[in-house]
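Since the structure comes first, as structure tokens, the remarks are kept for the end.
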Amino acid sequence: NAGVTQTPKFQVLKTGQSMTLQCAQDMNHNSMYWYRQDPGMGLRLIYYSASEGTTDKGEVPNGYNVSRLNKREFSLRLESAAPSQTSVYFCASISEGLNYGYTFGSGTRLTVV
Amino acid sequence: LAKTTQPISMDSYEGQEVNITCSHNNIATNDYITWYQQFPSQGPRFIIQGYKTKVTNEVASLFIPADRKSSTLSLPRVSLSDTAVYYCLVDPWGNAGNMLTFGGGTRLMVKP
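Chains V and W, in that order, give the protein sequences.
Taken in order, the first sequence gives residues 1 to 113; the numbers are from our numbering.
Taken in order, the second sequence gives residues 114 to 225; the numbers are from our numbering.
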């Protein structure tokens with residue numbers, strides 16, 4: 001049982017380049033989330049998906065797009081990377097029941113130069 | 114969504130009990146309280162969840178007073194490996210599908 005898998009683990013981009021962060025979960029969760037975490041800060045929600053086929057903006061959606069490809073996969077795309085998007089990105093999914101909470105991936109460390 | 118307030122940081126020593134309190138004055142009737150732990154370079158990890166009174170598992174205890182406007186995470190006999198950031202979240206029952214936000218958390222430093 002792998003949980004939540006994120007790829008890549010590390011990435012360096014030049015300003016203006018684009019890339020897609022991949023996330024997949026194998027727990028049959030309906031809801032999936034993308035967060036970013038800047039150094040020494042808490043997590044900020046970028047986008048989330050309550051179910052396959054739906055996506056909603058979080059606190060900091062500007063500069064990002066998402067795709068809920070199917071129930072398992074939720075990708076985050078940076079169309080034109082900016083240095084302000086240098087951060088660690090975490091994908092998470094959540095069970096509908098109590099006492100399970102979020103399951104997070106191990107993160108993608110992105111640097112935009 | 115209920116806003117939470119936690120201390121920014123706390124220090125402790127190995128073997129001590131640590132209590133981290135979270136304030137959530139505008140908690141709603143159907144909100145549950147959930148705590149997460151985050152180690153450096155890792156995603157947060159679920160620790161414990163409760164609605165009222167006391168909940169205990171193999172990792173921690175969670176104390177929630179009758180008015181539910183605050184909660185206290187209790188870590189018994191901490192070790193160096195408990196050094197981490199601890200987040201308190203308040204979210205509705207059946208939380209999947211909701212926009213859930215994390216605050217800044219409490220940075221716990223356990224010293225030898």
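Glycine residues also receive a C-beta, built at the ideal position from the N, C-alpha and C atoms.
Annotated three-state conformation of W/D124 is strand, per DSSP. No residue range can be given for V/R72, since it is assigned to no beta strand (DSSP E) and is classified by DSSP as neither H nor E. For V/E52, no CB of chain W lies under 8 Å from its own CB, so it is not counted at the interface with that chain. Apart from sequence neighbours up to five positions away, the residues of its chain that approach V/F10 with a beta-carbon distance below 6 Å are R109, ordered along the chain. Within the DSSP secondary-structure output, W/Q155 pairs in no beta bridge. Selection W/G218, W/T219, W/V203, W/T214 evaluated against W/T142 yields W/V203 as nearest (Cα-Cα). Taking C-beta atoms as the reference points, W/I160 and W/Q151 fail to come closer than 8 Å. For W/Q155, a Cβ of chain V is located within less than 8 Å of the residue's own Cβ. Cα atoms of V/T54 and V/R72: separation of roughly 13 Å, rounded to the nearest angstrom. For W/Y164, no beta strand (DSSP E) run applies, since DSSP gives it neither H nor E.
The shortest CA-to-CA distance from V/S84 to any of V/D56, V/S51, V/V60, V/G42 is the one to V/V60. Exclusion of the five residues before and after W/S183 leaves T134, C135, S136, H137 as the residues of its chain whose Cβ lies within less than 7 Å of its Cβ. Residue range 10-13 is occupied by the beta strand (DSSP E) that includes V/Q11. Contact between W/K165 and W/R181 holds, since their C-beta atoms are separated by about 6 Å, short of 8 Å.
For V/F90, the C-beta contacts it makes with chain W under 7 Å involve G156, in order along the chain. Listed along chain W, the residues sitting closer than 7 Å to V/S106 by beta-carbon distance are Q155, G156. Taking 8 Å as the threshold, the shortest C-beta distance from W/Y149 to chain V falls below it. The closest CA to that of V/S75, considering only V/Q37, V/T86, V/G107, is found on V/G107.
Judged by DSSP in its simplified three-state form, W/L193 adopts helix.
Under a criterion of Cβ atoms nearer than 7 Å, the residues of chain V adjacent to W/T214 are, in order, L45, E59. The beta-carbon of W/F176 is placed no less than 8 Å from the nearest beta-carbon of chain V.
Contact of V/Y64 with chain W is not assigned, every C-beta pair being separated by 8 Å or more. In the structure shown, W/Q119 adopts coil according to DSSP, grouped into three states.
Chain order gives the chain W residues near V/M41 as G217, where near means a beta carbon separation below 8 Å.
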